[in-house]
Amino acid sequence: MLNTCNCPNLTNKPKVIIIQACRGENHGVVWLKDSVRASGNLSLQTLEDFEDDAIRKAHIEKDFIAFCSSTPDNVSWRHPTRGSLFIMKLIENFQQHAWSCHLVEIFRKVQFSFDLPDGRAQMPTTERVTLTRLFYLFPGH
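Heads up, the sequence shown is in UniProt numbering, so the first residue is 1 and it goes up one at a time.
Written out as structure tokens, the structure reads:
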């Protein structure tokens, strides 16, 4: 939708998508008896072919970040009068840190504020992160 093919004027510009919505009915917590083992595979890919021509290659999706209020298949909580917990914490972190922190760092601070689950557990997630540079909302403020 906001990719290079459909929106060429947005090429090389950051596209930030913030989604406040339930993504399922699960409550996003489990009871753990022992520590969980982490495993991961990282594979590095290298580009071998480059060309210099009047027609240039461009990534279909680049400079995106989507910040969702909960993990897939889980609920996102809201207060009946004050609204979404996710949006409240996001605004609070924008107000406190936008002058000095880049966007991904602010998003991590929001995630950290949900780190210890209470009665209303949810964990915001960043998805489709293809930002190639740090993005500041108020640089030099």
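Glycine included, C-beta positions come from ideal geometry on N, C-alpha and C.
Backbone CA spacing between residue i and residue j [nearest angstrom]
i	j	result
K15	L2	8 Å
M88	K109	13 Å
I91	L134	19 Å
T11	S76	32 Å
K13	Q95	23 Å
V129	P80	32 Å
D73	E25	6 Å
S84	P8	34 Å
S69	A98	19 Å
I18	Y136	16 Å
L103	G119	28 Å
G40	C22	The predicted position of G40 is uncertain, since its pLDDT is 46 and thus under 50; a value taken from the coordinates is nonetheless stated next. Cα to Cα, G40 sits roughly 28 Å from C22.
S100	L116	25 Å
N93	N6	32 Å
F86	F138	21 Å
CB contact flag (residue i, residue j, <8 Å)
i	j	result
T126	H59	no
F67	F107	yes
M123	F114	yes
T132	K57	no
Margin query: Just to confirm the assignment: which complete alpha helix (DSSP H) runs, minimum length 4, are found wholly within the UniProt domain "Caspase family p10" (54 to 139)?
Written below: 85 to 97 and 103 to 113
Next item on the list: Let me know the beta strand (DSSP E) ranges lying completely inside the UniProt domain "Caspase family p20" (1 to 26), each 3 residues or longer, listed in chain order.
Entry: 15 to 19
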